[in-house]
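Undergrad:
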Amino acid sequence: MPRTVLIAVHVAWPAGILLLRLITRVRRRCLAAAGIGWLAAVVVATTATPTSRALPIGLILGAGIAIGGCLATARGVTFTWEQQQTYWAYDGKIPPGDRLVEVLTGLVGLIGVIALA
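Using our numbering, the first residue of the sequence shown is number 9, and each one after it goes up by one.
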């Protein structure tokens, strides 16, 4: 896959998430997890060598972090030192915007896998 396409995916990923945020309801915790995943992808893509492998590996790693973070914090956050307490608990229905962000991020990871193959 051409390098320009992978760079375009790195740019379109946060732009797509922001567009989803404008169109539908996406919770801040999912946006934060996606932002951390995108930041990890950019760090790997800009610092690792060779670049032909760094760009797709960055996409895969960043997508994994973002999806894992969104899913792990979907209902709340519990710390190991106080397992009976859940912070920022959310008992309502998960907004469809969160799921759309996860799907978009999964597609980004899939593009990384295809480019790596």
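The beta carbon of each residue, even a glycine, is placed where N, CA and C say it ideally should be.
Just to confirm my understanding: we take residue 117, look at its own chain, exclude 5 residues before and 5 after, and list those with CB closer than 7 Å. What are they?
TA: 67, 68, 71, 72.
Undergrad: Just the C-alpha distance for residue 30 and residue 23, rounded to the nearest angstrom, thanks.
TA: C-alpha separation (whole angstroms): 11 Å.
Undergrad: Based on the DSSP secondary-structure assignment, which residues constitute the bridge partners of residue 98?
TA: None; residue 98 has no bridge partner.
Undergrad: Is residue 17 helix, strand or coil by DSSP?
TA: Helix at residue 17.
Undergrad: From 57, 110, 125, 12, pick the residue whose C-alpha is nearest to that of residue 28; which is it?
TA: The shortest C-alpha separation from residue 28 is found at 110.
Undergrad: If contacts are defined as beta-carbon pairs under 8 Å, then residue 84 and residue 44 qualify, I think. What distance do you get, rounded to the angstrom?
TA: Not confirmed; about 18 Å, so no contact.
Undergrad: So the alpha helix (DSSP H) residue 56 belongs to, where does it begin and stop?
TA: Per DSSP, residue 56 belongs to no alpha helix (DSSP H) and is neither H nor E.
Undergrad: Comparing C-alpha positions only, which one of 9, 15, 81, 60 sits nearest to residue 94?
TA: Residue 94 has its Cα closest to that of 81, out of 9, 15, 81, 60.
Undergrad: Kindly give me the distance between the Cβ atoms of residue 18 and residue 53, rounded to whole angstroms, as I take these residues to be in contact under 8 Å.
TA: Contact flag correct, Cβ pair sits at about 6 Å.
Undergrad: Can you tell me the Cα-Cα spacing of residue 51 and residue 98, whole angstroms?
TA: Answer to the nearest angstrom: the Cα atoms are 31 Å apart.
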